Every structure is written in structure tokens, then in C-alpha cells.
Amino acid sequence: MFEARLVQGNLLKKVVDAVKDLVTDANFDCSSSGFTLQAMDNSHVSLVSLSLRSDGFEHFRCDRNMSMGMSLGNLAKILKCAGNDDIVTMKAADDGDTVTFMFESPKEDRVSDFELKLMDIDSEHLGIPDTDYAATVTLPAAEYQRICRDLSSIGDTVVISATKDGVKFSSSGDVGTANITVRQNTTADKKEEQVSIDLKEPVALTFALRYLNSFAKATPLASHVSLSMARDLPVMVDYQISDMGHLRFYLAPKIED
Amino acid sequence: TPMQNHLDEFFAMV
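Sequence order for the protein chains is S and R.
121 is the number that my numbering gives to position 124 of the first sequence; each next residue is one higher, with no gaps.
One rule links them: number in my numbering = place in the second sequence (from 1) + 449.
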């Protein structure tokens, strides 16, 4: 029996809304340690890795490890029926072919349950090696979203260059060229405006903006986002979900032939 | 022009 009760139910809605355009169907893996998902987009250029720890749930029971294949589009439709402040409980029998979502209003005066058919999805699990990143930039998630959106109107690729002076996002296209530089400001009076750069050595990488833009759909989940980069390796775009875990994206770089 | 790589080149199937 798998049963998980999430008081901040809208967190699940935000997670699914953040990934449903990148990945259409995926396996949610349940174990006693928590609720995870790992999936690549169809072109195998980007990867989503979700991890929600069991201790972040008000109640979490998983008698036997199980993998629940779901259509993320259908899951998003069901979660749209949950109230923003509803408590969400997921339930699935060990050998069942459905998963039930129960939504309870805070005043418990409205309870609804939706049953979603599970799918058989062959899971291709990738090993993500620990990487000694040359640079990790942490900036407000809204700032990252804005940079990706602004540069998308200029070109379809971005060069992200991290130096001790700051991190520069450059793009060029038919319209022209654009450079956006964000400097470290750990002294910003408001924490949510802080930008920090942990630099071991300067690094510059080129990426397709449409994926970075898609990752920014996770903005509602966290105040900040971290970009971790190393030469000729995928960038890790990391949204920490407070007290629960993280939603991470990896994107393969574009490399000169 | 830089070529788009794929994650399979960086992450191995487990």
C-alpha cells in the first residue's frame, strides 16, 4: 500500500505544471525514503529529476517500492481540480493499476477523490554522476525566468559565462545581440534578491534557450534557482523545494564541432 | 555553429 498526505497540496500541482511540457509520460517511484521522478524529454537533450523526501509529507507509507506510470497531462488535469489550499493525499494498492488523489479543503467541508489509470512506461534510469562544478550561480528564480524570456526574443541559444565579476548571459540572432550580466550581491538587503557565485574557475557554455525557458516553469516552487556548470558538461538547474527536496533539470550543452 | 549534444553522451543508463 502506498499512501502519502501532503498538506501543501499545491506543491504537487506546481511540480507537475513545471514538467508536463517537457515530459509527457513518466514513472513516479515510491519507496520508504520518498517520492521521486526521473525522466528525459523525447529528444534526450534534457532531464528532470524530482525528489520529495518522505519526512516532508504529513503522512507517508510505502510498504513496497513501486513505480507508478502516469500521463503528466492527465495528472495536471486532475490536480487542476484541487483547491490551492487543499490537502492532497495519494493512495495506490501495491498491485493496483490506478492511483487515487483525494483533495480535502482546509475546513474539511469539501472532499473529492479522483482516480487516475496507471500506465506501463519502460523506465530508462540514468546515473547522474557527482560533478565537481567549476561554477555555481544562485540567483532569484524570477530573475532567471526573466533573463531566459528576454533573451528568447533575441536568439535561440545563450552563452552563459561565469567569471569572478559576475555571470553573463549572451544571445544573438537576426534581431541583433544581447548581453545580460548579473553580479554577485550577497549584501542585498532583501534575501530574495541575493545573487551568489561560487567560482572555482571561469567557465562558459552554450545552451538552447527553449529548454532553459521550460525549466523556468518551476519558478513558483522556489525563491532562488542555482545553475551549476562545468566545461563541456550538462548544466544543472536546481530548484530547492523547502523542507521537501528538489526539482532539478539537466541540459546538455551545445559544443563547437 | 555549435551542435546540440544529448544526455546519453554524459549520463550512463543504470
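For glycine and all other residues, C-beta sits at the position ideal for the given N, C-alpha and C.
Since the model is a prediction, treat every value here as computed from it, not as a measurement.
Beta-carbon to beta-carbon, residue 200 of chain S and residue 131 of chain S are separated by about 4 Å, close enough to satisfy the 8 Å threshold. The C-beta of residue 187 of chain S comes no closer than 9 Å to any C-beta of chain R. Along the region 185 to 231 of chain S, the beta strand (DSSP E) occurs as fully enclosed runs of 3 or more residues at 193 to 196, 200 to 205 and 221 to 226, listed in sequence order. According to the DSSP assignment, residue 247 of chain S belongs to the beta strand (DSSP E) that extends over 242 to 248. Per DSSP, residue 169 of chain S lies in no alpha helix (DSSP H); the unbroken beta strand (DSSP E) holding it starts and ends at 163 to 169.
Taken in chain order, the complete beta strand (DSSP E) segments of 3 residues or longer contained in the region 91 to 125 of chain S are 95 to 101 and 108 to 114. Under DSSP, the beta-bridge partners assigned to residue 156 of chain S are S/167 and S/203. Partner residues in the beta bridge of residue 27 of chain S, as assigned by DSSP, are S/32 and S/63. Taking 9 Å as the cut-off between beta carbons, the residues of the region 115 to 133 of chain S near chain R are 121, 122, 123, 124, 125 and 126, in sequence order. Non-local C-beta neighbours of residue 216 of chain S in its own chain, meaning closer than 7 Å and more than five positions away in sequence, comprise 138, 139 and 142, ordered along the chain. In terms of beta-carbon proximity, residue 155 of chain S stays away from the interface with chain R, with every pair separated by 9 Å or more. In the three-state DSSP reduction, residue 237 of chain S falls in the strand class (E or B).
Beta-bridge partners of residue -1 of chain S (DSSP): S/59 and S/89. Annotation: the continuous beta strand (DSSP E) that includes residue 132 of chain S extends over 132 to 137. Non-local C-beta neighbours of residue 191 of chain S in its own chain, meaning closer than 6 Å and more than five positions away in sequence, comprise 183 and 185, ordered along the chain.
The Cβ of residue 184 of chain S sits no closer than 9 Å to any Cβ of chain R. Exclusion of the five residues before and after residue 44 of chain S leaves 37 and 247 as the residues of its chain whose Cβ lies within less than 6 Å of its Cβ. In this chain, residue 81 of chain S is not harboured by any alpha helix (DSSP H), its DSSP state being neither H nor E. A residue is called buried once 16 or more other Cβ atoms fall within 10 Å of its Cβ, and residue 101 of chain S is buried on that count. Contact annotation: residue 85 of chain S and residue 2 of chain S have beta-carbon atoms nearer than 9 Å.
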